[in-house]
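Asks: Protein chains in written order, with the working numbering: chain A, 1 to 450; chain B, 451 to 758.
Take a look at this one; I'll ask things after.
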Amino acid sequence: MSSETGVLGRNKKRLTAMAAAIVMMSATGSAVQAEEGQGTAENPVTVRIIANEAFANTWQTTLVPEFNKVYPHIEVVFDGVPYPDMLAKMMLDATGTDPEYDAYLIDDPWVPQMAEVGALVDLKGDEIAAITDETYDWDDFSAAPLAAGEWAGVQYAVPVRSNVLLRFYNRTLYAEAGLEEPTPEQTWGEFFADAEKLVRDRDADGKDDVWAISTYFVRESLTPTIWQSILNANGGALLDEDGKPAFATPAGAESLQIHKRLLDYAPPGGLGHGFSESLQAFRQGLVANLFNWGSIYKATAVDSASTTLTPDEVGIQVLPVGSAGAGTHRGIWIAGISSKTDKTEASWTFLQWLTSKEGESVNAALAGSFPARISTLESEPAEPWLAPVYQTLKHAYEVAAEGGMWRIRSPRSDAAQQILADEIARGLAGQVEADEALDIAAEKIERALR
Amino acid sequence: MTGTNMAGLVGRGEKRTGRLKDLTVRWSFMAPSIVLMVLLLAYPIFYTIEISLTRFDIATFSAGAWVGLDNYREVMDDYRFWDSLWVTLIYLVIALPLQVALGFGIAFLINAEWAGRGFIRALFIIPMVVAPVVAGGIWRMMLDPLWGIVNHWLGFIGIGPLDWFGDPALAMATIIIIDTWRWTPFIVLIATAALLALPKDVFEAAKIDGANWWSTLWSVAIPLLVPVIAATFVIRWLGAVKMFDIVLASTYGGPGKATNVINLFIYEEAFRSLRFAESAAMAVIVLVLTMVLTALFLRGTRALEDRY
């Protein structure tokens with residue numbers, strides 16, 4: 001027995017030693033893998049990311065150095081591409097046999113297209129779960145921004161630069177016109193009543209020199225988002241439950257009339273205004289209201305190099321209330337990892353950091369990007385001016401989620417958006433009646449989405 | 451076989467060998483150009499035709515299943531395609547004669563000897579070397595109804611303010627103004643060279659015969675210049691039919707669809723809507739139309755050359 005015990009004991013020791021060796025080997029292997037995955041001082045890993053040129057350079061010079069303080073062996077390179085060329089370039093890259101990019105910065109409606117061609121990794125799948133930090137909390141994301149990265153029940157991308165259409169207003173111009181500040185409860189009727197008084201001849205030279213509003217009117221793909229936010233606020237939707245166009249209705253036409261009516265209170269040449277022109281007009285104190293993307297707040301109310309206004313002068317809230325509620329529109333930049341990259345771990349390490357609470361705070365403070373995490377939005381912001389912005393953002397996320405206020409989600413969403421841009425532009429220019437424009441758009445979109 | 455026959459046969463053989471050699475040398479000189487042309491020109495055209503006859507497979511980013519003429523039918527049924535062609539036609543009908551007339555007119559005026567003529571000629575080159583997108587952007591700033599300098603100046607003579615980008619007619623005028631600013635100098639240069647090459651003795655004879663300035667222009671200079679004018683028109687037509695970047699940078703095809711020229715529409719359908727097959731079909735139709743019209747213009751040019 002004792003000899004048996006001795007043999008068993010020796011065997012046990014041997015087994016234990018073998019098991020320990022296997023564990024150590026596997027642990028060492030993991031360490032080597034981890035080192036390779038996240039790079040080493042001798043062999044750093046380079047992650048290439050395609051991004052909108054509007055902020056790619058800022059991110060390269062401000063965010064990447066902060067990331068490298070934590071992960072010094074992962075080199076992140078952003079390639080800035082003009083927005084109109086981004087989707088085609090990403091699709092071309094993603095469908096190639098050896099894609100140039102390891103990760104993609106994707107605009108809100110593009111996830112279905114990218115997912116459909118198998119370009120993106122499932123971020124909640126086993127492969128990524130195995131390399132995800134256990135403190136990374138998916139449930140902490142606000143529902144609306146997180147949903148932008150999801151398609152057909154799979155989370156392909158994560159929000160890195162959240163955005164929503166918001167209303168900016170100039171407190172000084174409201175006070176000069178003898179008007180109360182607007183509230184998030186203000187209706188479209190009340191908005192237009194104020195607009196009458198906001199168009200003024202400020203210097204008494206016989207010509208109007210301040211106006212009530214500027215926003216997107218020009219023929220481009222983001223102009224329909226203004227009409228759509230009015231439509232959604234009036235209880236309308238772009239598509240019905242069967243995915244068929246549902247906007248060619250009296251409510252749709254009325255919403256387009258409201259969008260068009262804004263031109264009556266816009267500066268001369270308003271029909272040619274888009275993102276830049278409306279922004280310039282507001283920053284120079286020429287218009288009392290601006291409907292534009294929330295992310296411009298810092299450059300519109302804080303940075304003295306780019307604006308004449310201060311945070312005290314600029315109010316921010318959701319768009320006026322229609323028959324169903326307030327209006328807004330989701331426009332989230334999300335990031336996904338290429339399904340063909342061999343640098344999955346390094347890519348995910350960067351995206352994890354960028355979308356962590358720490359990364360979001362750095363991104364907000366240095367680049368003015370808006371966060372998507374509930375905990376970030378509820379915490380004490382790094383800068384005082386962010387407090388009212390975060391409050392509005394939380395409200396807008398809720399409004400967007402409740403009203404389904406985003407562009408068409410489909411692998412052919414861009415074709416549909418371009419059709420809307422064409423027809424909304426014709427309606428705004430008065431080349432066709434609102435109902436005719438929407439009828440044509442509905443017919444064409446139905447065919448495009450087939 | 452007689453000696454003469456032999457000599458004839460040898461002569462024919464040598465002749466044939468010589469011709470063969472000559473042909474070989476000629477083709478060997480032309481071969482690199484032909485290969486380059488096939489690679490750079492013919493292949494993209496045939497690939498575009500192939501795409502236009504298939505359902506574009508976005509997953510592989512290449513031509514997919516064969517659909518015959520479906521894409522062409524789709525395009526023909528799309529009112530936006532016809533609208534864009536119409537807009538392009540309006541632009542061409544106004545811009546081309548205007549630019550040719552202005553170009554030759556200016557060339558005629560600056561052809562006289564006067565101090566600073568060389569400097570002014572050099573200035574004329576500037577618009578041609580400015581990138582079209584930059585030109586469009588600068589003009590957009592200058593014509594902006596809110597901040598633009600043009601409306602400010604027009605205000606001094608009691609005109610305006612004009613809504614250059616909000617009024618459909620003025621938006622088209624804007625495109626034509628920018629394009630004319632850019633391309634008239636090119637025509638001026640061609641016209642100046644043509645004027646300098648005209649035979650001086652004919653003008654001297656006209657002067658001796660007592661022809662005044664107008665008679666010299668109408669009865670001598672213009673008839674002599676007609677072939678050059680026609681050739682310039684064809685060259686400019688081939689450039690103008692590609693109009694795209696100035697519109698993209700200045701009006702984005704608006705207001706509404708007032709300046710949505712065909713190339714902008716094709717670009718948007720391809721690279722914004724990712725409808726590559728339909729865009730390829732449109733490109734093929736435009737290519738055929740352009741070739742037919744160019745052939746007609748060339749025939750017209752030849753007829754004018756024969757007549758004058």
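Cβ coordinates follow ideal geometry from the N, Cα and C atoms, glycine included.
Relative to chain A, which residues along the segment 714-728 of chain B have a C-beta separation below 8 Å, given in chain order?
Replies: So the close ones are GLU718, GLU719, ALA720, PHE721, ARG722, SER723, LEU724 and ARG725.
Asks: How big is the Cα-Cα spacing for PRO109 (chain A) and GLU443 (chain A)?
Replies: Going by the C-alpha atoms only, they are around 21 Å apart.
Asks: Which value, in whole angstroms, describes the spacing of the CA atoms of VAL81 (chain A) and ALA103 (chain A)?
Replies: Looking at the two C-alpha atoms, the distance is approximately 14 Å.
Asks: Could you please tell me which residues of the segment 257-276 of chain A, in chain order, have their CB closer than 8 Å to any CB of chain B?
Replies: Those would be PRO267, PRO268, GLY269, GLY270, LEU271, GLY272 and GLY274, in chain order.
Asks: Can you tell me the Cα-Cα spacing of ALA266 (chain A) and THR709 (chain B), whole angstroms?
Replies: Answer to the nearest angstrom: the Cα atoms are 22 Å apart.
Asks: Residues of the segment 522-545 of chain B in Cβ contact with chain A at a cutoff of 9 Å, in chain order, please.
Replies: Here the close residues are GLU524, ASP528, TYR529 and ARG530.
Asks: Jot down the residue ranges of each uninterrupted alpha helix (DSSP H) in the segment 130-210 of chain A, minimum 4 residues, whole runs only, in chain order.
Replies: Correct list: 143-148, 171-176 and 188-198.
Asks: Can a CB atom of chain B be found closer than 8 Å to the CB of ASP240 (chain A)?
Replies: Not an interface residue.
Asks: Using a Cβ-Cβ cutoff of less than 6 Å, which residues in the same chain neighbour PHE191 (chain A) once the five nearest sequence positions on both sides are dropped?
Replies: Within the same chain, PHE191 (chain A) has close Cβ partners PRO320.
Asks: Between the segment 69-99 of chain A and chain B, which residues of the former have CB atoms less than 8 Å from a CB of the latter, in chain order?
Replies: Cβ contacts with chain B: PRO84, ASP85, LEU87, ALA88, MET91, LEU92, THR95 and GLY96.
Asks: Tell me, which residues are paired with ASN292 (chain A) by DSSP?
Replies: Answer is A:LEU166.
Asks: Cβ closer than 8 Å: which chain B residues qualify as neighbours of SER221 (chain A)?
Replies: In chain order: ARG722.
Asks: Could you pull out every residue in the same chain whose Cβ sits closer than 7 Å to the Cβ of ILE696 (chain B), ignoring the five residues on either side in sequence?
Replies: Contacts found: PRO582, ALA585, GLY586, ILE625, ILE628 and ASP629.
Asks: Just checking: is the beta-carbon of VAL117 (chain A) within a distance shorter than 8 Å of some beta-carbon in chain B?
Replies: Yes, VAL117 (chain A) counts as interfacial toward chain B.
Asks: Would you list the one or two residues that DSSP bridges to PRO245 (chain A)?
Replies: According to DSSP, which records beta bridges pairwise, PRO245 (chain A) is partnered with A:LEU239.
Asks: Cα separation between SER512 (chain B) and GLY243 (chain A)?
Replies: Going from the Cα of SER512 (chain B) to the Cα of GLY243 (chain A) covers about 27 Å.
Asks: Under 7 Å Cβ to Cβ from ILE296 (chain A), same chain only, skipping five residues before and after it: list those, please.
Replies: Contacts found: LEU279.
Asks: Compare the C-alpha of ILE556 (chain B) against each of B:MET591, B:ALA641, B:PHE506 and B:VAL676 and name the closest.
Replies: Cα-wise, what sits closest to ILE556 (chain B) is B:ALA641.
Asks: List the residues of chain B whose Cβ lies closer than 8 Å to the Cβ of ASP414 (chain A), in chain order.
Replies: Going along chain B in sequence order, the residues near ASP414 (chain A) (Cβ under 8 Å) are ARG722, SER723 and LEU724.
Asks: Out of B:TRP477, B:ALA509 and B:ALA753, which has the shortest C-alpha to C-alpha gap to ALA115 (chain A)?
Replies: The candidate whose alpha carbon is nearest that of ALA115 (chain A) is B:ALA509.
Asks: Using the Cβ count rule (16 or more neighbours within 10 Å means buried), how would you classify LEU263 (chain A)?
Replies: LEU263 (chain A) is buried by the Cβ-count criterion.
Asks: Look up TYR104 (chain A) in the DSSP assignment and say whether it is helix, strand or coil.
Replies: The answer is strand: DSSP assigns TYR104 (chain A) an E or B state.
Asks: Rounding to the nearest angstrom, what Cα-Cα distance links VAL32 (chain A) and LEU120 (chain A) in this structure?
Replies: Because VAL32 (chain A) sits at a pLDDT of 40, beneath the cut-off of 50, its placement in the model cannot be relied upon, and the following sentence gives the value as read from the coordinates. Taking the straight line from one Cα to the other gives about 26 Å.
Asks: Pull the bridge partners of VAL314 (chain A) from the DSSP assignment, please.
Replies: Partner(s): A:ASN170.
Asks: For a cutoff of 8 Å on Cβ pairs, would you count ASP422 (chain A) as touching chain B?
Replies: Cβ-Cβ to chain B under 8 Å: yes for ASP422 (chain A).
Asks: Looking at chain A, which residues of the segment 496-526 of chain B have a Cβ within less than 8 Å of any of its Cβ atoms?
Replies: Taking 8 Å as the Cβ-Cβ cut-off against chain A, the residues of the segment 496-526 of chain B that qualify are ILE508, ALA509, THR510 and PHE511.
Asks: What separation, rounded to the nearest whole angstrom, lies between the Cα atoms of ASP137 (chain A) and ALA401 (chain A)?
Replies: Whole-angstrom Cα-Cα distance: 20 Å.
Asks: Using only alpha-carbon positions, find the residue among A:VAL314, A:PHE217 and A:TRP333 that is nearest to ALA144 (chain A).
Replies: It is A:TRP333.
Asks: Return the chain-ordered list of same chain residues with a C-beta closer than 6 Å to the C-beta of THR307 (chain A), the five sequence neighbours on each side being excluded.
Replies: Only ARG283 and THR300 meet the Cβ criterion.
Asks: Which stretch, first to last residue, makes up the beta strand (DSSP E) that contains TRP597 (chain B)?
Replies: No beta strand (DSSP E) holds TRP597 (chain B); DSSP gives it neither H nor E.
Asks: Report yes or no: is there a C-beta of chain A within less than 8 Å of the C-beta of PRO677 (chain B)?
Replies: So, not an interface residue.
Asks: Could you tell me the alpha carbon to alpha carbon distance between ALA434 (chain A) and ASN234 (chain A), rounded to whole angstroms?
Replies: Each residue's alpha carbon lies about 16 Å from the other.
Asks: Please tell me whether TRP385 (chain A) and PRO311 (chain A) are closer than 8 Å, where the distance is taken between their beta carbons.
Replies: It is a contact, given that the beta carbons lie within the stated cut-off.
Asks: Going along chain B, which residues have a C-beta under 8 Å from GLN418 (chain A)?
Replies: Correct list: GLU718, GLU719, ARG722 and SER723.
Asks: Quick check on DSSP: helix, strand or coil for ALA515 (chain B)?
Replies: Note: ALA515 (chain B) maps to strand in three-state DSSP.
Asks: Can you list, in chain order, the residues of its chain with a C-beta nearer than 7 Å to that of ILE258 (chain A)? Leave out the 5 residues immediately preceding and following it.
Replies: Excluding sequence neighbours, ILE258 (chain A) sits near TRP188 and ILE230.
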